[in-house]
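Asks: Oh and the sequence shown: position 137 is 685 in the working numbering, straight run, nothing missing.
A virtual CB, placed ideally from N, CA and C, is assigned to each residue, including glycine.
Since the structure is predicted, the reported quantities are computational estimates derived from the model, not experimental observations.
Could you have a look at this structure, given as structure tokens, before my questions?
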Amino acid sequence: MVGIRMVLFTVLIGALASRTFGTPLVVHHILRPIRTDCSVPEAGSKPFFYGTNNLACIYLTHIGLHRKKRSLQLPVHNFVHSFIYYDGWFAEFGTKDTTLRRHSPKNAHCGPKIMYPPAGFSKLPFDCIRRCASKYHLVFGQYNLLNNNCHYFSNRMMEVLCHEVTCPLWCL
549 MVGIRMVLFT
559 VLIGALASRT
569 FGTPLVVHHI
579 LRPIRTDCSV
589 PEAGSKPFFY
599 GTNNLACIYL
609 THIGLHRKKR
619 SLQLPVHNFV
629 HSFIYYDGWF
639 AEFGTKDTTL
649 RRHSPKNAHC
659 GPKIMYPPAG
669 FSKLPFDCIR
679 RCASKYHLVF
689 GQYNLLNNNC
699 HYFSNRMMEV
709 LCHEVTCPLW
719 CL
């Protein structure tokens with residue numbers, strides 16, 4: 549018990565000192581190599597892309613109200629659903645689960661768009677991203693419109709693809 553109190557006291561003093569004296573507080577004791585720039589392709593790297601899909605179209609299709617029109621009437625706010633495309637796979641996060649598929653995201657008729665140029669380049673094997681996606685709910689929680697939606701998922705997957713040299717521990 550004394551050991552735990554000492555650690556907590558040390559962390560508290562370190563946090564106060566960092567605010568007072570400007571010294572950085574070290575939180576992680578495990579040093580891992582990371583890449584600082586993924587915008588330039590390296591030998592053996594593959595591009596990854598950020599993509600979007602029209603959210604209004606997805607919801608209208610889901611509830612059976614979608615019908616072809618001469619001109620699409622968009623809501624005042626242009627909401628989009630985001631996904632990642634890497635190594636021939638689409639990865640997306642929704643209200644029920646994380647989906648990995650070889651073909652374009654759900655509701656392909658809603659006009660999914662892959663943004664060019666690539667968001668970056670990665671050497672990670674797809675199996676790592678598959679594991680990260682499958683454990684996403686366990687690590688970051690269930691879907692939440694404000695705190696944990698498809699955009700958070702896409703950003704986290706792009707961080708892994710861009711900066712990680714090896715598969716992160718939370719994905720293993």
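Where DSSP assigns a beta bridge to I582, which residues make up the other side?
Replies: Per DSSP, E712.
Asks: Please report the residue range of the alpha helix (DSSP H) in which V687 lies.
Replies: V687 -> alpha helix (DSSP H) spans 674-688.
Asks: Give me whichever residues DSSP pairs with W637 in a beta bridge.
Replies: For W637, which the question treats as bridged, DSSP gives the partners Y634.
Asks: Going by alpha carbons, who is nearest to R678 out of C698, G689, Q690, L648?
Replies: Closest by alpha carbon: L648.
Asks: Taking Cβ positions, are G636 and R650 nearer each other than 8 Å?
Replies: Cβ distance < 8 Å, so G636 and R650 count as in contact.
Asks: Identify, in the order they occur along the chain, each residue of the same chain with its Cβ nearer than 7 Å to the Cβ of G642, setting aside the five sequence neighbours on each side.
Replies: Once the five neighbours on either side are set aside, the close Cβ partners of G642 are Y691, C698.
Asks: With C-beta atoms as the reference, is P595 less than 8 Å away from F669?
Replies: Contact flag set, yes.
Asks: For S630, tell me which candidate among L686, R704, V588, C719 has the shortest Cα-Cα distance.
Replies: Comparing Cα positions, the closest option is R704.
Asks: Please state the DSSP three-state secondary structure of R704.
Replies: The answer is helix: DSSP assigns R704 an H, G or I state.
Asks: In angstroms, rounded to a whole number, what distance separates the CA positions of P665 and D585?
Replies: The alpha-carbon atoms of P665 and D585 are separated by roughly 15 Å.
Asks: Starting from R643, trace the beta strand (DSSP E) both ways and give me its first and last residue.
Replies: Residue 643 is actually Thr in this sequence, not Arg. No beta strand (DSSP E) holds T643; DSSP gives it neither H nor E.
Asks: Can you look up Y607 in the DSSP assignment and give me helix, strand or coil?
Replies: In the structure shown, Y607 sits in a helix (DSSP, three-state: H, G or I).
Asks: Please determine, among F627, P589, E712, the residue with the shortest C-alpha to C-alpha distance to P673.
Replies: Answer by Cα proximity: E712.
Asks: Under a Cβ-count criterion, where at least 16 other Cβ atoms within 10 Å of its own Cβ denotes burial, should K616 be classed as buried or exposed?
Replies: Interpretation of K616 is limited by its pLDDT of 43, a score under 50 that renders its predicted location unreliable; no figure is taken from the coordinates.
Asks: For a quick check, are the C-beta atoms of F627 and L603 less than 8 Å apart?
Replies: Against a cut-off of 8 Å, the Cβ pair of L603 and F627 comes out as a contact.
Asks: Less than 8 Å between C-beta atoms, sequence neighbours within five positions excluded: which residues of the same chain meet that for K671?
Replies: Answer for K671: E590, G592, S593, K594, V713, listed in chain order.
Asks: Looking at M706: is its Cβ nearer than 8 Å to the Cβ of A681?
Replies: It is not a contact, given that the beta carbons lie outside the stated cut-off.
Asks: Can you name the residues that DSSP bridges to N696?
Replies: Per DSSP, N692.
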